[in-house]
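Engineer:
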Amino acid sequence: MTRNDVAFSDVSALEVLDSRGNPTLQVTLTDRDGVRYVAGVPSGASTGTREAVELRDGDDKRFGGKGVMHAVANVDGELADLLRSRTWASLADLDAAMIELDGTPTKSRLGANALVGVSMAAARAFAGGDPLWVSLRPADVEARLPVPHLNVLNGGVHAPNDLDFQEFMIAPVGAPSFPEAVRAGAAVYAALRSLLRTRGDATGLGDEGGFAPDIAQPEDVLRLIVQAIGDAGYPAGASGVAIALDPAASEFYRDGSYHVAGETLSSDDMIARYEQIAADFPVWSLEDGLAEGDWDGWERLTARLGERLQLVGDDIFVTNPAIITEAIGRGVGNSSLIKLNQIGTVTETLDAQRISREAGYTQMVSHRSGETPDPFIADLTVATGTGQLKSGAPARGERVAKYNRLLEIAATAPELPYGLTSEARLR
Ligand code: PGA
Ligand code: ZN
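Per the working numbering, residue 1 is the first one in the sequence shown, and the count goes up by one each step.
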């Protein structure tokens, strides 16, 4: 049963490596009964400029400046003192105290990487032996297994190829269950590998486990993925395996223009390109189609394609309740990407999710390109009934840890519904 009286006897962090070989934090909390709760902190590469601040040491002699010893010291010092100072009635209570102690609007003093690790481990302490997906569920939400959005082809800053669009995901929306969706994802991934090999393309992997061939045009990639879906024996589209894109357009937006495969495009050119892509391919979801600073473009994108496509805000929303509220008011996007470390506490993440839900915005819970084996987001997506999760390819341990945790949840709770929410299905 979820607890409302947690006291901690020990709080510490360790500098460990993430999936890219960069340092990150592993946080361990010990409660008064001697039970330990551990969390691993994710880290992005194509980050939004308004994300909560990840504290890095900046000492070039260690890990190229990416060390996190200061953040570790903040957990071991100030945050440990705070957590041990009293009994905590709830995670919200604890998160609020950490935010107050940090004292900055962006968590830049103690570090969002320090805070989010403590918050995630504390969420496990408050679960009191319940699975996290049970204890994190808001009272008015129905738990649900998500459609996995498997990133099978990587570009942008996640791969050393010429492809500007960052993520090409397959979404088995037509699968009858979560395990069948994972099976479909793995089958399409294998078919895509064979197809790339046959063509003589490279089958090395990008940061999120997708293939990273040297193909510059997004439409050429989409053609290959549609073929791989067919080769694996599934229909492409709503009745089988659909496609989701995350171009991560902030990364190729410079001087007011979008730079894609050698072309220089305006916001309206990009919108027209996406409209054509949506007409030609079974793409159902588009994340960060335009840059985080291009709010006017986003308004036009939403007006023109919002009925047809799920338009997910990642860099532009950064899981920030205030920014999502502004976006809802301006009619920008219709879906929020949810990343714990963009905002820095579990409580604020749940707030961002509540605000999105109440406005009828859909949600996709997300990993980061730098990950640990911690499967926290698998439980989070089930608890908050989002119906969508992206955790990279069906390959590489830190990616499949999340899908495997969901397989475990599906096996232990066969009553859980699977699939997109009704808001998402409307599109
Ligand atoms: P990041 O990218 O984790 O490198 O920021 C993921 C995304 O853009 O969705
Ligand atoms: Zn993104």
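In this text, a Cβ means the ideal position worked out from N, Cα and C, and glycines have one as well. Predicted model, so just to flag it, every value in this text is computed and none were measured.
Taking contact to mean at least 3 C-beta pairs separated by less than 8 Å, is the stretch 156 to 172 in contact with the stretch 399 to 411?
Structural biologist: Touching, no.
Engineer: If you draw a straight line from the alpha carbon of S194 to that of A202, how long is it in whole angstroms?
Structural biologist: Translated into the one-based positions of the sequence shown, residue 194 becomes position 194. Translated into the one-based positions of the sequence shown, residue 202 becomes position 202. Between S194 and A202, the C-alpha separation is close to 11 Å.
Engineer: Could you give the distance in angstroms between the alpha-carbon of L153 and the alpha-carbon of M69?
Structural biologist: Counting from 1 along the sequence shown, the entry for residue 153 is found at position 153. Counting from 1 along the sequence shown, the entry for residue 69 is found at position 69. If I take the Cα positions, the gap works out to 34 Å.
Engineer: Starting from E358, trace the alpha helix (DSSP H) in both directions and tell me its first and last residue.
Structural biologist: Counting from 1 along the sequence shown, the entry for residue 358 is found at position 358. Its alpha helix (DSSP H) spans residues V346 to E358.
Engineer: If you measure between the beta carbons of L350 and N334, is that distance less than 8 Å?
Structural biologist: Within the sequence shown, the letter at position 350 stands for residue 350. Within the sequence shown, the letter at position 334 stands for residue 334. For L350 and N334, no; Cβs fall outside 8 Å.
Engineer: May I have the straight-line CA-CA distance separating D5 from A125, to the nearest angstrom?
Structural biologist: The residue labelled residue 5 in the question sits at position 5 within the sequence shown. The residue labelled residue 125 in the question sits at position 125 within the sequence shown. D5 and A125: Cα-Cα distance of roughly 10 Å.
Engineer: From R223 to A249, what does the alpha carbon distance come to, in whole angstroms?
Structural biologist: Walking along the sequence shown from the start, residue 223 turns up at place 223. Walking along the sequence shown from the start, residue 249 turns up at place 249. Looking at the two C-alpha atoms, the distance is approximately 21 Å.
Engineer: Residues in the same chain with beta-carbon distance under 8 Å from I215, minus the five sequence neighbours each way, listed in chain order, please.
Structural biologist: Counted from its first residue, the sequence shown places residue 215 at position 215. The answer, listed in chain order, is N161, D162, L163, D201, V221 and L224.
Engineer: Does the ligand ZN have a heavy atom nearer than 7 Å to the CB of D207?
Structural biologist: What you label residue 207 is simply residue 207 of the sequence shown in a count that begins at 1. No, the beta carbon of D207 sits no closer than 7 Å to any heavy atom of the ligand ZN.
Engineer: State the Cα-Cα distance for the pair S46 and G331, rounded to the nearest angstrom.
Structural biologist: To locate residue 46, count along the sequence shown from 1; it is residue 46. To locate residue 331, count along the sequence shown from 1; it is residue 331. Spanning the two alpha carbons is a distance of roughly 24 Å.
Engineer: For L389 and L265, what's the separation of their Cα atoms in angstroms?
Structural biologist: As a first step, residue 389 must be located in the sequence shown, where it is residue number 389. As a first step, residue 265 must be located in the sequence shown, where it is residue number 265. Taking the straight line joining both Cα atoms gives about 30 Å.
Engineer: Alpha helix (DSSP H) containing S119: first to last residue?
Structural biologist: Here the question's residue 119 lines up with position 119 in the sequence shown. Per DSSP, S119 belongs to the alpha helix (DSSP H) from A112 to F126.
Engineer: Here's the rule I'm using: 16 or more other beta-carbon atoms within 10 Å means buried, otherwise exposed. How should D315 be labelled?
Structural biologist: Numbered from 1 along the sequence shown, position 315 holds the residue referred to as residue 315. Buried, by the Cβ-count rule.
Engineer: Any heavy atom of the ligand ZN closer than 7 Å to the beta-carbon of D5?
Structural biologist: Counting from one through the sequence shown, the residue named residue 5 turns up at place 5. Answer for D5: no, Cβ out of range of the ligand ZN.
Engineer: Does DSSP put H367 in a helix, in a strand, or in coil?
Structural biologist: Position 367 of the sequence shown, counting from 1, holds the residue named residue 367. Reduced to three states, the DSSP call for H367 is coil.
Engineer: Sorry if obvious, but does the Cβ on L337 come closer than 7 Å to a heavy atom of the ligand ZN?
Structural biologist: Position 337 of the sequence shown, counting from 1, holds the residue named residue 337. Yes.
Engineer: Going along the chain, which residues of its own chain have a beta-carbon closer than 6 Å to the beta-carbon of Q342, five neighbours each way excluded?
Structural biologist: Position 342 of the sequence shown holds residue 342. If we look at Q342 and ignore the five residues flanking it on each side, its Cβ neighbours are E51, V318 and T319.
Engineer: Could you name the residues of the same chain whose beta carbon sits closer than 7 Å to that of T449, not counting the 5 residues immediately before and after it, in chain order?
Structural biologist: Only positions 1 to 427 of the chain appear in this structure, which leaves residue 449 out of reach.
Engineer: Contact check, V38 vs A123 under 8 Å by CB: the rounded distance?
Structural biologist: Along the sequence shown, read from residue 1 onward, the residue named residue 38 stands at position 38. Along the sequence shown, read from residue 1 onward, the residue named residue 123 stands at position 123. Incorrect: roughly 12 Å between the Cβ atoms, too far for contact.
Engineer: Have a look at D33, E208, G392 and L115 and flag the residue whose alpha-carbon is nearest the alpha-carbon of P148.
Structural biologist: Within the sequence shown, the letter at position 148 stands for residue 148. That would be G392, whose Cα lies nearest to the Cα of P148.
Engineer: With DSSP as the reference, identify every bridge partner of F168, one or two as the case may be.
Structural biologist: If you number the sequence shown from 1, residue 168 lands on position 168. DSSP, once it has assigned bridges, lists L153 and L245 as partnering F168.
Engineer: With DSSP collapsed to three states, give me the class of K339.
Structural biologist: By 1-based counting over the sequence shown, the position of residue 339 is 339. Looking at K339 - three-state DSSP - the assignment turns out to be coil, as it is neither helix nor strand.
Engineer: Can you list, in chain order, the stretches of the beta strand (DSSP E) that have 3 or more residues and sit fully within the stretch 367 to 407?
Structural biologist: If we require 3 residues or more, the beta strand (DSSP E) runs fully inside the stretch 367 to 407 come out as 388 to 390.
Engineer: Check the C-beta distance from V75 over to V118 and give it rounded, since I have them as a contact under 8 Å.
Structural biologist: Position 75 of the sequence shown, counted from the start, is the residue given in the question as residue 75. Position 118 of the sequence shown, counted from the start, is the residue given in the question as residue 118. So it is a contact: roughly 6 Å between Cβ atoms.
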